[in-house]
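Quick notes on the structure that follows.
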């Protein structure tokens, strides 16, 4: 899959996953990379940007060993943004689906 | 690549990003490594699945540049610029201006010396030419005329050389001053540009 395309989709994936519950970086990265093949490191710049734009807030929580974990929590603004992206995504997918079906029946 | 190598490559490719932000970015990856190790992954394996640290660094740098353009002059930046120019101003008042004034004084003194040398040389020659007309006012002081002619020429030449030398020296002085002022301006501007 095209890299730019993946990056756009990745944003939606991060938003969707964080709608379920709060995740810390490693956990979130793994949840996503289990489904999508991408360089895992690219999720952190994305998280940072979306946090800066106010879609997520972060908080630290102690873990057993090692440094405390930074958890990401979606904000109301993030929820709205996710809904908007999801609508766009569904529209896009159905349009592509229609096109493919038309080609197949033509 | 192990954790240390990955982090140092990333740190290097984050150049230009403010220090505090750099720390935050690196913290995310350190946390990722330690979580991975807790999960029984090897450092090399974690680094490999994270991807190329230089590419990651680039995406942070681009993001940081975009931020600068979006954010424009945030209050904290302007405050920082003001602080920078104030502390620079303090340094200038205490050290640079006295130094500048001192050097300027030395330069002015040397100029006066060079000019008076040249003028006195010329005066000797002019005096020699006028002496036959005003013998009552101009005495030769018991010195021979050829000696006075050569002395006059010599002193004039020496004075002229000094003036030329001073000219060069002054140019250097003003060039350095201009460069110092530019250096000051650059520091202030740099503070303003930072995100």
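Protein chains in written order, with the working numbering: chain A, -18 to 87; chain B, 3 to 197.
Quick reminder that beta carbons are idealized off the backbone N, C-alpha and C, glycines included.
Within the 7 Å Cβ cut-off, does residue 7 of chain A reach chain B?
-> For the purposes of this step, residue 7 of chain A is taken as residue 26 along the first chain, with counting starting at 1. Any Cβ of chain B closer than 7 Å to the Cβ of residue 7 of chain A would place that residue at the interface, and such an atom is present.
Within chain B, the residues that residue 51 of chain A reaches when beta carbons sit closer than 8 Å | The residue you call residue 51 of chain A lines up with position 70 of the first chain. Ordered by position in chain B, the residues that pass the 8 Å Cβ test against residue 51 of chain A are 29, 30 and 33.
Secondary structure of residue 15 of chain B, DSSP reduced to three states = Mapped onto the second chain, residue 15 of chain B falls at position 13. Residue 15 of chain B: coil per DSSP, three-state reduction.
Complete alpha helix (DSSP H) runs within the region 67 to 150 of chain B (minimum length 4 residues, chain order) | Whole alpha helix (DSSP H) segments, 4+ residues: 77 to 93 and 99 to 132.
Alpha-carbon to alpha-carbon, residue 189 of chain B and residue -8 of chain A | On the first chain, residue -8 of chain A is found 11 positions in, with the first residue counted as 1. On the second chain, residue 189 of chain B is found 187 positions in, with the first residue counted as 1. Their Cα atoms are separated by approximately 38 Å.
Compute the distance between the beta-carbons of residue 37 of chain A and residue 53 of chain A, then report whether it is under 7 Å.
-> Here the question's residue 37 of chain A lines up with position 56 in the first chain. Here the question's residue 53 of chain A lines up with position 72 in the first chain. Closer than 7 Å, so yes.
Taking the DSSP output, what are the residues bridged to residue 41 of chain A?
-> Position 60 of the first chain holds residue 41 of chain A. Partner(s): A:51.
Touch check for the region 95 to 108 of chain B and the region 150 to 160 of chain B: three-plus C-beta pairs under 8 Å?
-> Between the region 95 to 108 of chain B and the region 150 to 160 of chain B, the count of Cβ pairs shorter than 8 Å is below three; the stretches do not touch.
Beta-carbon spacing of residue 21 of chain A, residue 17 of chain B below 7 Å = Taking the first chain and counting its residues from 1, the one referred to as residue 21 of chain A is at position 40. Taking the second chain and counting its residues from 1, the one referred to as residue 17 of chain B is at position 15. The Cβ-Cβ distance between residue 21 of chain A and residue 17 of chain B does not fall below 7 Å.
Which of the three DSSP states, helix, strand or coil, is assigned to residue 4 of chain A?
-> Counting from 1 along the first chain, the entry for residue 4 of chain A is found at position 23. The answer is strand: DSSP assigns residue 4 of chain A an E or B state.
Nearest neighbour of residue -3 of chain A, chosen from A:83, A:76 and A:61 [CA to CA] = The residue you call residue -3 of chain A lines up with position 16 of the first chain. Comparing Cα positions, the closest option is A:61.
Going along chain B, which residues have a C-beta under 8 Å from residue 46 of chain A?
-> Position 65 of the first chain, counted from the start, is the residue given in the question as residue 46 of chain A. Chain-ordered, the chain B residues with CB closer than 8 Å to the CB of residue 46 of chain A read 36 and 40.
Residue 87 of chain A - containing alpha helix (DSSP H), residue span = Numbered from 1 along the first chain, position 106 holds the residue referred to as residue 87 of chain A. Neither: residue 87 of chain A is in no alpha helix (DSSP H) and is coded neither H nor E.
From the DSSP output, in three-state form, read off residue 3 of chain B for me.
-> What you label residue 3 of chain B is simply residue 1 of the second chain in a count that begins at 1. The three-state reading of DSSP puts residue 3 of chain B in coil, since its state is none of H, G, I, E or B.
Counting pairs of beta carbons, one from the region 39 to 53 of chain B and one from the region 77 to 84 of chain A, are three or more of them closer than 8 Å?
-> Touching, no.
Identify which residue in B:146, B:118 and B:133 has its Cα closest to the Cα of residue 161 of chain B.
-> In the second chain, the residue the question calls residue 161 of chain B occupies position 159. Among B:146, B:118 and B:133, the Cα nearest to that of residue 161 of chain B is on B:118.
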